[in-house]
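Report on one structure; see the data block that follows.
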DNA sequence: GCAGGGTGTTGCACCAAGTGCAAGTAATCG
DNA sequence: CGATTACTTGCACTTGGTGCAACACCCTGC
């Protein structure tokens with residue numbers, strides 16, 4: 001029994017298992033990103049990644065649900081974080097304002113600009129990657145919808161009101177466009193400025 | 205050597221081959237859509253479709269590049285049609301106006317409402333379908349960008365200006381949302397009205 | 001130290017989507 | 001009718017992904 005490990009409180013030793021797991025996870029990610037950068041996303045097979053990382057193919061799928069997941073990271077968790085940031089914004093802020101501020105948390109200190117640029121490049125020439133990414137944004141739509149509906153003063157009735165989702169979808173589209181433009185600029189442009197420019201164009 | 209069939213002028217007999225090809229194409233589509241409706245998109249295999257349509261699995265992929273293509277039709281050609289409609293709009297129209305009118309051509313007489321509703325339903329529970337659809341919209345972005353840039357008065361310089369793409373992406377997002385809402389309403393709501401409501405919310 | 005349970009790892013068999021190739025077959029043209 | 005051309009098909013193969021069962025490992029209780 002022991003249920004869930006009760007030594008969770010010590011932060012430096014969150015179970016040896018957890019530590020090794022994270023280490024393996026990180027090593028697979030590093031190896032895979034290196035291979036992707038070298039030969040492209042599509043041209044790299046899971047077998048290659050597994051071999052290079054010193055694990056079996058089967059174990060790879062134990063750590064990642066799909067090849068795309070290595071690049072995308074845990075967009076699910078990221079989405080929840082953005083949603084939390086969104087709900088933490090004052091209720092007086094408009095939907096667009098709140099979304100803008102919440103999305104800015106994506107540009108936190110943990111996101112490395114260099115690898116970010118690399119990843120953005122991969123999205124450019126890997127359709128399957130792009131597709132999965134867009135799919136995740138659909139999930140985000142659902143995640144953010146309640147808050148945005150509240151800000152619009154929409155009672156969550158049975159009628160599927162398209163307004164909240166439209167705003168969220170537009171904002172995420174602007175985000176993608178901004179990241180694209182940022183990548184096209186070689187990382188020199190300011191992502192937030194690009195996002196604001198995109199939003200301004202849409203709402204002009 | 206005949207080059208490209210020179211009897212293209214006679215519309216009723218565009219080569220027996222072409223006729224049979226179209227017929228087979230249509231039959232595969234019908235068969236597949238029926239199977240998809242019965243057991244769902246993901247649960248239906250290409251082998252099943254091929255068997256039910258009376259052709260070999262290999263021939264299926266001769267007619268369609270992927271299973272998704274059966275549902276999506278030729279979005280490439282459709283995109284070009286919308287682009288043509290877009291470029292045919294008066295230059296005085298704003299980007300949003302022109303896009304709205306151009307997208308309305310999607311709702312032409314050839315699109316059947318019943319099967320349209322069915323297809324919209326499939327998108328709801330087939331992630332891979334949705335993903336490919338979104339991917340196609342990215343292609344549309346590139347397709348429409350020149351015209352929208354012209355309307356915005358942007359000189360197509362080397363700097364990747366995000367404005368045109370942002371507007372297009374937002375419009376397509378509104379379109380998807382509208383179709384979603386239309387599907388959710390069981391086909392009772394007016395798609396154009398839903399689209400306008402979505403756009404109004406975004407630009408409010 | 002040793003037995004036992006839970007967890008991670010691995011190999012294996014399997015499925016489904018695609019693709020390239022080569023042989024067979026039917027339609028088209030001279 | 002004969003030659004060419006296009007379509008169909010089967011086959012083998014690649015790749016991503018999953019379920020299952022055996023194995024190894026580590027931590028714990030005795």
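Residue numbers (my numbering), protein chains in the order written: chain A, 1 to 204; chain B, 205 to 408. A virtual CB, placed ideally from N, CA and C, is assigned to each residue, including glycine.
Nearest-angstrom Cα separation, counted from residue j out to residue i
i                      : j                      : result
residue 324 of chain B : residue 384 of chain B : 7 Å
residue 270 of chain B : residue 257 of chain B : 16 Å
residue 274 of chain B : residue 304 of chain B : 27 Å
residue 34 of chain A  : residue 41 of chain A  : 10 Å
residue 192 of chain A : residue 364 of chain B : 15 Å
residue 278 of chain B : residue 75 of chain A  : 31 Å
residue 129 of chain A : residue 68 of chain A  : 6 Å
residue 282 of chain B : residue 30 of chain A  : 41 Å
residue 104 of chain A : residue 58 of chain A  : 37 Å
residue 251 of chain B : residue 231 of chain B : 15 Å
residue 213 of chain A : residue 388 of chain B : Beyond the ends of chain A as shown, which are 1 and 204, falls residue 213 of chain A; an answer cannot be given.
residue 264 of chain B : residue 226 of chain B : 13 Å
residue 288 of chain B : residue 347 of chain B : 10 Å
residue 177 of chain A : residue 345 of chain B : 11 Å
residue 315 of chain B : residue 221 of chain B : 26 Å
residue 51 of chain A  : residue 20 of chain A  : 18 Å
residue 147 of chain A : residue 398 of chain B : 21 Å
residue 253 of chain B : residue 330 of chain B : 17 Å
residue 393 of chain B : residue 94 of chain A  : 28 Å
residue 39 of chain A  : residue 182 of chain A : 23 Å
residue 313 of chain B : residue 284 of chain B : 18 Å
Contact test: residue i Cβ vs the ligand ADP heavy atom, cutoff 7 Å
i                      : result
residue 133 of chain A : With respect to small molecules bound, the structure shown includes none, and the ligand ADP cannot be examined in it.
Partners in chain B for residue i, counting only beta-carbon separations shorter than 9 Å
i                      : result
residue 130 of chain A : 335, 338, 339 and 342
Residue i at chain A interface by Cβ criterion, 8 Å
i                      : result
residue 381 of chain B : yes
residue 398 of chain B : yes
residue 389 of chain B : yes
residue 367 of chain B : yes
residue 313 of chain B : no
residue 302 of chain B : no
residue 328 of chain B : no
residue 214 of chain B : Reliability of the predicted coordinates at residue 214 of chain B is poor, the pLDDT of 40 falling under 50, and no value is obtained from them.
Nonlocal neighbours in the same chain, by C-beta distance under 7 Å from residue i, ignoring five residues either side
i                      : result
residue 149 of chain A : 156 and 164
residue 145 of chain A : 164, 165 and 168
residue 197 of chain A : none
residue 44 of chain A  : 35 and 36
residue 187 of chain A : 113 and 117
residue 56 of chain A  : 50
Partner residues on chain A for residue i, Cβ-Cβ distance less than 8 Å
i                      : result
residue 406 of chain B : 166, 167, 170, 202 and 203
residue 227 of chain B : Residues of chain A passing the Cβ test: none, with the nearest at roughly 31 Å.
residue 349 of chain B : Going along chain A, no residue has its Cβ under 8 Å from residue 349 of chain B, so there is no contact; the nearest lies around 11 Å.
Chain B within 8 Å of residue i, Cβ atoms only
i                      : result
residue 181 of chain A : yes
residue 232 of chain A : Chain A is shown only over 1 to 204; residue 232 of chain A falls outside these bounds and no answer can be derived.
residue 173 of chain A : yes
residue 20 of chain A  : no
residue 3 of chain A   : Low confidence applies to residue 3 of chain A: its pLDDT is 33, below 50, so where it sits in the model is not reliable enough to give any reading.
Residues that residue i contacts on chain B, provided the C-beta gap is smaller than 7 Å
i                      : result
residue 127 of chain A : 339
Closer than 7 Å at the beta carbon, the chain A residues around residue i
i                      : result
residue 401 of chain B : 162 and 163
Closer than 8 Å at the beta carbon, the chain B residues around residue i
i                     : result
residue 91 of chain A : Those within 8 Å of residue 91 of chain A in chain B number zero; the least Cβ separation is about 18 Å.
Whole-Å CB distance - residue i paired with residue j, under 8 Å assumed
i                      : j                      : result
residue 306 of chain B : residue 290 of chain B : 4 Å
residue 355 of chain B : residue 302 of chain B : 6 Å
residue 406 of chain B : residue 202 of chain A : 7 Å
residue 335 of chain B : residue 131 of chain A : 4 Å
residue 268 of chain B : residue 326 of chain B : Residue 268 of chain B to residue 326 of chain B, Cβ: 15 Å. No contact.
Contacting residues, own chain, Cβ-Cβ under 6 Å from residue i (five flanking each side not counted)
i                      : result
residue 199 of chain A : 174
residue 341 of chain B : 376
residue 25 of chain A  : 63
residue 89 of chain A  : 98 and 101
residue 358 of chain B : 365
residue 124 of chain A : none
Same chain only: Cβ atoms within 8 Å of residue i, ignoring 5 sequence neighbours per side
i                      : result
residue 300 of chain B : 371, 375, 403 and 407
residue 107 of chain A : 191 and 192
residue 207 of chain B : At residue 207 of chain B, the pLDDT of 34 sits below 50, so the modelled position is not reliable; the number obtained from the coordinates is stated separately. If we look at residue 207 of chain B and ignore the five residues flanking it on each side, it has no Cβ neighbours.
residue 276 of chain B : 333, 336, 337 and 340
residue 319 of chain B : 237
residue 295 of chain B : 354 and 355
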